[in-house]
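Those protein sequence lines, which keep their order, are chains H and P. Quick note on my numbering: the first sequence kicks off at 1 and runs consecutively. Quick note on my numbering: the second sequence kicks off at 243 and runs consecutively. A virtual CB, placed ideally from N, CA and C, is assigned to each residue, including glycine.
Protein chains: 2
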Amino acid sequence: MIRLYAKDSLVKDKELELNDKDSHYLCTVMRLNEGDDFHYFNENDGEFLAKIIKPHKKKALIKLIGQIEPVKKSKELHLYLCPLKKDTTNFAVEKATECGATHIHFIKTDYTNATRVNVERLQAVAKEAAEQCCRLDIPKILDIVSLEKALIEWPDHLCPIIAAEDGRGQSIKAIEKSISSCDTLNKLTPALFIGPEGGFSDYEFERLSALDYSQFLDLGPLILRAETAVVVGLSLLNTLER
Amino acid sequence: MIRLYAKDSLVKDKELELNDKDSHYLCTVMRLNEGDDFHYFNENDGEFLAKIIKPHKKKALIKLIGQIEPVKKSKELHLYLCPLKKDTTNFAVEKATECGATHIHFIKTDYTNATRVNVERLQAVAKEAAEQCCRLDIPKILDIVSLEKALIEWPDHLCPIIAAEDGRGQSIKAIEKSISSCDTLNKLTPALFIGPEGGFSDYEFERLSALDYSQFLDLGPLILRAETAVVVGLSLLNTLER
């Protein structure tokens, strides 16, 4: 079934005109006609069955038939990573969306080559991934800041979990034990740090370990590409009970 | 450091002539000269420091200086998946290599579109991924067979763990409990099944659950693309103690 993310608010029986892009996708690309159904959803209203009333290449008219999935917010899960090559960054954002990240923060580190990210493009990648994987919400893409700035502005409610390939990392089970044995830690939201190709510098590791409650996570014996580390790391964080 | 997988057997002080492809890569692409070092490795001899004695575009002469990593075999870990689009299949093989799969079996199922795989190309993808991620061995790519044939020839020492998105799956923790409470199960090698886009058919699920000791694994609440499911599933299997 075709799923589209809605900026509009969704109410049963409402009729509304789609924007250019969604109209084009439904009526031209997917060739939906009058009476055809699709799913229209967002994080505030849940998922609705929608019907094409008037197909149109640029401003299709639709009607919301009724809610088919209630509102269900993703559990907050943060990812901090460095920009990679264009396709690889797209890929990392797509996969992080499938793995449930709710906030994707880009950071510039000592060994980061790229220093810009195209937030708008990546937000579109995240939207498409959310449509495909049956999420109701889209992760928020945050523009690049220096690691230093990210640490100075560190939100108190996050628990930094830093992927480490140099042997200093603990297994996810050991981290789960630390978390469950500490009331404060237990209430924090996980935030995964993935270093750039070349890893974090020693100074950066020091700064990261100085953060309250920081944990180093072992992703296994092999050296993972950054985009693989995103998926492996988030998969492991998803095994934490919370 | 440049790492290359060696078909030759490796012994300290041995001199040998590289093949066309490796000579071209080292001397033309990477521009290594006389006296430059690289790493040469395989699963039988470990990893050696090697030096270019005579650079040459097609038959470079090298000398093995000494072993720098001992032999270390990957723990056996099997993956059964359906062929995807070309780039996506490459991707799945690359990531499965990084996640430690030792045998990648391609299967044809009721909802599989592609029915061929280019074993040679995928074996090259696996080689390159192994070189990058510091593995000493390369996963074996097995040519496509029908799921039926795979099940008829099912090796006794494997434990089928089937990724399921329809709610029948258990958490990796529940599966770990089952495994640790059963002596026979505990001795088996995990084999992860990832269904095609569209999933396994009901009949296939029945056939899979009829296998001895089969377990259904929950990969989380979202619908993952097949290639994402490969990484997430293998990451979870890697948390099993064995």
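With distance defined between alpha-carbon atoms, name the residue in the options nearest to residue i.
i: Leu306/P; options: Phe290/P, Ala452/P, Glu318/P and Lys314/P; result: Phe290/P
i: Asn186/H; options: Glu165/H, Ser214/H and Phe205/H; result: Ser214/H
i: Ile436/P; options: Tyr353/P, Tyr267/P, Lys419/P and Asn286/P; result: Tyr353/P
i: Leu147/H; options: Phe216/H, His105/H and Ala226/H; result: His105/H
i: Ile2/H; options: Gln67/H, Tyr40/H and Ile175/H; result: Tyr40/H
i: Thr88/H; options: Arg225/H, Asp36/H and Glu69/H; result: Arg225/H
i: Ile107/H; options: Gln67/H, Pro221/H, Leu4/H and Gly199/H; result: Gly199/H
i: Gly462/P; options: Leu400/P, Lys391/P, Val473/P and Pro312/P; result: Val473/P
i: Gln67/H; options: Leu61/H, Asp20/H, Ile144/H and Glu43/H; result: Glu43/H
i: Leu237/H; options: Glu197/H, Ala163/H and Asp212/H; result: Ala163/H
i: Glu69/H; options: Gly46/H, Ser171/H and Leu84/H; result: Gly46/H
i: Gly411/P; options: Leu393/P, Asp385/P and Phe458/P; result: Phe458/P
i: His399/P; options: Leu378/P, Leu384/P and Asp454/P; result: Asp454/P
i: Cys401/P; options: Val253/P, Asp279/P and Ala452/P; result: Ala452/P
i: Glu197/H; options: Lys177/H, Lys173/H, Ala229/H and Pro190/H; result: Ala229/H
i: Ala174/H; options: Leu79/H, Thr239/H, Gly35/H and Ala126/H; result: Thr239/H
i: Ile172/H; options: Leu234/H, Ile152/H, Phe38/H and Ser9/H; result: Leu234/H
i: Pro432/P; options: Thr339/P, His345/P and Val313/P; result: His345/P
i: Leu379/P; options: Thr109/H, Leu222/H and Leu81/H; result: A small correction: the amino acid at residue 379/P is Asp; Leu does not occupy that position in the sequence shown. Nearest option by C-alpha distance: Leu222/H.
With a threshold of 9 Å between beta-carbons, can residue i be considered close to chain H, or not?
i: Ile417/P; result: no
i: Arg467/P; result: yes
i: Ile404/P; result: no
i: Pro432/P; result: no
i: Gly462/P; result: yes
i: Thr331/P; result: no
i: Asn480/P; result: yes
i: Ser413/P; result: yes
i: Thr354/P; result: no
i: Val474/P; result: yes
Report yes or no: is there a C-beta of chain P within less than 9 Å of the C-beta of residue i?
i: Glu69/H; result: no
i: Val125/H; result: no
i: Gly199/H; result: no
i: Ser235/H; result: yes
i: Ile194/H; result: no
i: Val93/H; result: no
i: Thr28/H; result: no
i: Thr228/H; result: yes
Does any heavy atom of the ligand NAD sit closer than 8 Å to the C-beta of residue i?
i: Leu10/H; result: Ligands are entirely absent from the displayed structure, and the ligand NAD is therefore not among its contents.
Taking the alpha helix (DSSP H) that residue i belongs to, which residues open and close that run?
i: Leu234/H; result: Ala226 to Leu237
i: Thr339/P; result: Lys328 to Glu340
i: Tyr282/P; result: Careful: Tyr282/P lies outside any alpha helix (DSSP H), inside the beta strand (DSSP E) at Asp279 to Asn284.
i: Ser178/H; result: Ile172 to Ser180
i: Lys263/P; result: Asp262 to Ser265
i: Leu364/P; result: Val361 to Gln374
i: Ile152/H; result: Leu147 to Ile152
List the endpoints of the continuous beta strand (DSSP E) containing residue i.
i: Arg3/H; result: Arg3 to Tyr5
i: Thr184/H; result: Segment Asp183 to Lys187 is the alpha helix (DSSP H) holding Thr184/H; no beta strand (DSSP E) there.
i: Cys401/P; result: Leu400 to Ala406
i: Lys75/H; result: Careful: Lys75/H lies outside any beta strand (DSSP E) and carries neither H nor E.
i: Ala50/H; result: Gly46 to Lys54
i: Leu306/P; result: Leu303 to Glu311
i: Ser214/H; result: That residue, Ser214/H, is in no beta strand (DSSP E); it is neither H nor E in DSSP.
i: Leu16/H; result: Glu15 to Glu17
i: Lys108/H; result: His103 to Lys108
Hey, does residue i have any beta-carbon neighbour from chain B nearer than 9 Å?
i: Val71/H; result: Any reference to chain B falls outside this structure, whose protein chains are H and P.
**chain P contacts from the segment 127 to 147 of chain H (Cβ-Cβ distance under 8 Å)** = Gln132, Cys133, Cys134 and Arg135
**Prompt:** When Cβ atoms are compared, which residues of the segment 177 to 188 of chain H fall closer than 9 Å to chain P?
**Reply:** none
**Request:** Check whether the segment 256 to 268 of chain P touches the segment 199 to 213 of chain H, counting contact only when three or more Cβ pairs, one atom from each stretch, lie closer than 8 Å.
**Result:** no
**Request:** Give the residues from the segment 275 to 292 of chain P that approach chain H closer than 9 Å (Cβ to any Cβ), ordered along the chain.
**Result:** none
**Interfacial residues, the segment 98 to 110 of chain H to chain P, with Cβ spacing under 9 Å** = Glu98, Cys99 and Gly100
**Asked** At a cut of 8 Å, does the segment 117 to 127 of chain H reach the segment 91 to 107 of chain H through at least three beta carbon pairs?
**Response** yes
**Message:** Contact between the segment 48 to 63 of chain H and the segment 23 to 38 of chain H is defined here as three or more beta-carbon pairs at a separation below 8 Å; is this criterion met?
**Reply:** yes
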